Structures are given as structure tokens and as C-alpha cells.
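Numbering (full-length UniProt numbering), first residue to last: 1 to 97. Glycine is no exception: its CB is placed at the ideal position from the N, C-alpha and C atoms. A quick note: this is a predicted structure, and the numbers were derived from the prediction, not measured. Working notes for the structure below.
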Amino acid sequence: MVVDAATGDNLLEVAHNAGVEIHHACDGSCACTTCHVIVREGFDSLNETSDQEEDMLDKAWGLEMDSRLSCQCVVGNEDLVVEIPKYNLNHANEAAH
Numbered sequence: 001m002v003v004d005a006a007t008g009d010n011l012l013e014v015a016h017n018a019g020v021e022i023h024h025a026c027d028g029s030c031a032c033t034t035c036h037v038i039v040r041e042g043f044d045s046l047n048e049t050s051d052q053e054e055d056m057l058d059k060a061w062g063l064e065m066d067s068r069l070s071c072q073c074v075v076g077n078e079d080l081v082v083e084i085p086k087y088n089l090n091h092a093n094e095a096a097h
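In C-alpha cells, the structure reads:
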């Protein structure tokens, strides 16, 4: 699927506006890993990860070198190829138990 995005757009919002379902249990507050994606191309054009995002990514299922939380990604000026993992962990929901 090809989706248009402008520089500065939030990756999670772009996906949802295009009808691509990416779970986001914490409503994009960087408190879970349900919006974990793997950026296969264009990773270096995204904004840098924050310490908080890196801490959450350490808990993500299927973590790879090019993993990001889509709620924290700001689109840069390069095309992106993004993979949505088949599985994710919902730390926001699991913490309630």
C-alpha cells in the first residue's frame, strides 16, 4: 500500500488517516509498544528516538535495529517502507493486571 505523507507528519496518524490499522493502546503517549513498527527504508530520515521511546522499545516483541514506535515518528523528507509486525505486546493493558 502506498500512502502520502508530508514532512513533519506523525507516522501513526498518517497510517490511521489512510485506513491502516496500527494499535495504539496508550493513545500515542509512548507508554506501550502496541504501535511498534519496523522501518525497512528511510529510517535515517525520521526524527531521533527519545530516551523514553528507547526504553519502551526494549520491551517490544520482535525488536530490530530499525524498530520505532509509530506514535513517536515524525516523517522526514525520504520515502519510507514500514512493516507492521504481526504481534505486539500491550504493556499499558498488562500493567493493569
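The beta strand (DSSP E) enclosing residue i, as first and last residue numbers
i   : result
H16 : Run containing H16: none in the beta strand (DSSP E); it sits in the alpha helix (DSSP H), L11 to N17.
E48 : No beta strand (DSSP E) contains E48, which DSSP labels as neither H nor E.
S67 : S67 to L69
H36 : H36 to E41
E83 : V81 to E83
Range of the contiguous alpha helix (DSSP H) that encloses residue i
i   : result
E54 : D51 to L57
Through-space distance from residue j to residue i, alpha-carbon basis
i   : j   : result
L63 : G8  : 25 Å
V82 : C35 : 12 Å
H16 : I22 : 7 Å
A18 : W61 : 25 Å
G76 : C32 : 23 Å
V74 : V2  : 17 Å
D4  : D79 : 9 Å
Status (buried if at least 16 other CB within 10 Å, exposed otherwise) for residue i
i   : result
M56 : buried
S50 : exposed
S67 : buried
Within-8 Å CB hit, residue i to chain B
i   : result
S29 : Within the model displayed, chain B is absent; a lone protein chain is all it includes.
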